[in-house]
Amino acid sequence: MSAPTATVAGIPAPPKLEKKPVKFSNLLLGAGLNMFEVTTLGQPLEVVKTTMAANRSDGFAGALARVWSRGGVLGFYQGLIPWAWIEASTKGAVLLFVASEAEFYAKSFGAPDFVAGITGGMTGGLAQAYATMGFCTCMKTVEITKHKVAAAGMKPPGTMETFMDIWRREGIRGINKGVNAVAVRQVSNWGSRFGLSRVAETGIRKVTGKEHGEKLGVMEKIIASALGGGLSAWNQPIEVIRVEMQSKTEDPNRPKNLTVGKTARYIYANNGLKGLYRGVTPRIGLGVWQTVCMVALGDIAKEAVEKLTGDKVTAKH
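The sequence shown begins at 94 in the working numbering and counts up by one.
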């Protein structure tokens with residue numbers, strides 16, 4: 094509930110800034126929508142994107158064929174359990190909590206809503222990268238890019254066996270390989286996605302005559318967010334660098350102890366500028382699908398969560 098607005102000399106004073114509580118119902122909504130998104134089209138698009146980024150000579154059709162050869166339909170769901178599920182279920186919790194806190198403090202220092210929103214999103218993305226996304230993306234990439242030992246007549250290692258092997262050999266650094274690239278991607282992704290979505294929304298309001306705060310329809314929300322999500326793929330080179338840093342593909346020419354800079358130079362030297370943008374098509378598709386899930390299914394999921402928890406959901410979607 095907002096605080097009453099005081100008046101000074103007949104002029105209404107701005108309402109008192111209040112910290113919004115992070116409700117369990119909000120976290121449940123975020124986790125539920127993310128779990129649905131990744132289990133349907135999300136993980137297949139992620140697998141194709143990662144395959145193209147790791148095998149940069151493959152086009153889109155070549156990547157689909159490569160993924161299919163790894164196990165048919167199931168090949169498109171490599172890394173879903175448990176890594177993509179862990180990432181999806183914690184994404185809402187970590188992002189929402191940290192973004193909400195950062196946005197509040199930005200406003201308390203006098204930042205306007207737009208700047209505070211971007212600050213919240215970027216800080217939340219940074220926290221999410223280091224808290225959960227680092228090891229989740231690393232393990233998903235390892236599973237997608239590791240050699241098929243079955244071809245040599247051996248039983249391929251299971252998910253946890255692969256995890257424990259990396260842990261024994263490389264420790265926490267091995268599990269979190271590429272986490273700095275993940276952090277750069279998340280910060281730039283959330284900042285640009287938020288800003289570009291707002292720009293697209295402003296354009297849609299002008300075209301539809303809803304410039305005075307009228308509620309946008311579901312399709313208008315989807316178009317604005319999908320444009321923001323699709324256009325934010327400008328930072329795909331960071332994603333390709335992240336995949337290469339985490340990849341188990343063997344290449345004797347690849348430098349040891351990869352950093353973001355070393356990896357960028359290696360990719361550019363071998364594949365040029367085009368190589369740095371491999372996988373951008375499925376990534377745009379992924380951004381659009383995430384938007385459709387969050388916006389189109391948001392109201393249905395909101396009602397279900399409110400019935401389940403008896404708590405009013407206040408999160409925006």
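A virtual CB, placed ideally from N, CA and C, is assigned to each residue, including glycine. Everything numeric in this text was worked out from a predicted model, so none of it was measured.
- Counting other Cβ atoms within 10 Å of its Cβ, G210 reaches 16 or more and is therefore classed as buried.
- With a 10 Å radius around the Cβ and a threshold of 16 neighbouring Cβ atoms, D404 comes out exposed.
- Looking from the CA of G322, the closest CA among R347, L289, E294 belongs to L289.
- Contact check for I360 against G368 passes: the beta carbons are separated by less than 9 angstroms.
- The Cβ atoms of K355 and P348 sit closer than 9 angstroms to each other.
- The segment 362 to 391 is shown to contain whole alpha helix (DSSP H) runs of 4 or more residues at 373 to 389, in chain order.
- Here P175 carries a helix assignment [DSSP, helix/strand/coil].
- Using a 10 angstroms sphere on the CB of P330, the tally of other CB atoms reaches 16 or more, which defines it as buried.
- For L379 against E180, the beta-carbon gap comes to about 13 angstroms, at or over 8 angstroms, which does not count as contact.
- Assignment of alpha helix (DSSP H) within the segment 160 to 223, counting only whole runs of 4 or more residues, yields 178 to 201, 206 to 221 in chain order.
- Rounded to whole angstroms, G218 and Q383 show a C-alpha spacing of 16 angstroms.
- By the C-beta density criterion, T133 is exposed, having fewer than 16 other C-beta atoms within 10 angstroms.
- At least 9 angstroms separates the beta-carbon of W161 from that of V131.
- When only Cα atoms are considered, L121 and V398 end up about 7 angstroms apart.
- In its chain, beyond the 5 residues on either side, V187 have a beta carbon closer than 6 angstroms to the beta carbon of A224.
- The continuous alpha helix (DSSP H) containing A319 extends over residues 311 to 324.
- A residue is called buried when at least 16 other Cβ atoms come within 10 angstroms of its Cβ; T352 does not meet this threshold and is exposed.
- Around the C-beta of K400, fewer than 16 other C-beta atoms lie within 10 Å, and the residue is accordingly described as exposed.
- At the C-beta level, V272 and C231 come within 9 angstroms of one another.
- T212 and A195 do touch by the CB rule: their CB atoms are close to 6 angstroms apart, below 8 angstroms.
- In the assembly as shown, S201 is an exposed residue. Its beta-carbon has fewer than 16 other beta-carbons within 10 Å.
- Boundaries of the alpha helix (DSSP H) harbouring L126: 117 to 130, taken from the DSSP string.
- Residue state for G271 is assigned as coil, using DSSP reduced to three classes.
- Within 10 angstroms of the beta-carbon of D151 lie 16 or more other beta-carbons, which makes it buried.
- The C-alpha of V141 is placed about 40 angstroms away from the C-alpha of G302.
- When the alpha-carbon of I316 is set against those of W327, R291, I259, the nearest one is in R291.
- In its chain, beyond the 5 residues on either side, F117, S118, L121 have a beta carbon closer than 7 angstroms to the beta carbon of T402.
- By the criterion of a C-beta distance shorter than 6 angstroms, G267 is surrounded in its chain by I259, once the five residues flanking it on both sides are discounted.
- Between N350 and G227, the alpha-carbon positions lie close to 17 angstroms from each other.
- At the C-beta level, V333 and R298 stay beyond 9 angstroms of one another.
- For E236, the enclosing alpha helix (DSSP H) has its first and last residue at 227 to 238.
- Per DSSP, reduced to three states, the secondary structure at R149 is coil, with no helix or strand assignment.
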